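First comes the structure, then the notes that go with it.
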């Protein structure tokens, strides 16, 4: 169990590296529509659940994705623009709560 948790923590720690190494064509495919983004996030939430991640771990990982997207990617649609604007004005606690909400939205 401890090894599984270390694996889960390792996966969460590599979020930014994995996103930054993703090709621009793949990013465009995921981010071109909000439905595409939700589908991608849903797949990652499902994978995390299969790996034994609980809701808190999933939200922590979603928060890292949100941090990356807000700082490194331009929004490609109105929904992503709204999420980015909320992210920019939110406190860490509010960002974390929004991450929980996104996990629930796609879960």
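In UniProt numbering, the protein residues as written are 1 to 107.
We treat Cβ as the ideally placed atom computed from N, Cα and C, and that holds for glycine.
Here the structure is a predicted model, which means the values were calculated and not measured.
Residue i vs residue j beta-carbon contact at 8 angstroms
{"i": "residue 15", "j": "residue 68", "result": "yes"}
{"i": "residue 195", "j": "residue 106", "result": "Residue 195 is absent from the structure shown; the chain starts at 1 and stops at 107."}
{"i": "residue 36", "j": "residue 29", "result": "yes"}
{"i": "residue 70", "j": "residue 88", "result": "yes"}
Minimum C-alpha distance to residue i - residue among the options
{"i": "residue 60", "options": "20, 94 and 34", "result": "94"}
{"i": "residue 18", "options": "83, 33, 44 and 85", "result": "44"}
{"i": "residue 38", "options": "86, 80 and 56", "result": "80"}
{"i": "residue 27", "options": "56, 101 and 74", "result": "74"}
Contacts around residue i, its chain only, beta-carbon distance under 7 angstroms, and the 5 residues preceding and following it disregarded
{"i": "residue 99", "result": "59, 62, 63 and 66"}
{"i": "residue 4", "result": "Legend: pLDDT at residue 4 = 44, less than 50; position of this residue unreliable, value from coordinates given subsequently. Once the five neighbours on either side are set aside, the close Cβ partners of residue 4 are 52."}
{"i": "residue 77", "result": "33 and 34"}
Residue range of the unbroken alpha helix (DSSP H) whose run includes residue i
{"i": "residue 16", "result": "15-21"}
{"i": "residue 36", "result": "34-50"}
Close beta carbons around residue i, own chain, < 6 angstroms, minus the five adjacent residues each side
{"i": "residue 72", "result": "none"}
{"i": "residue 48", "result": "58"}
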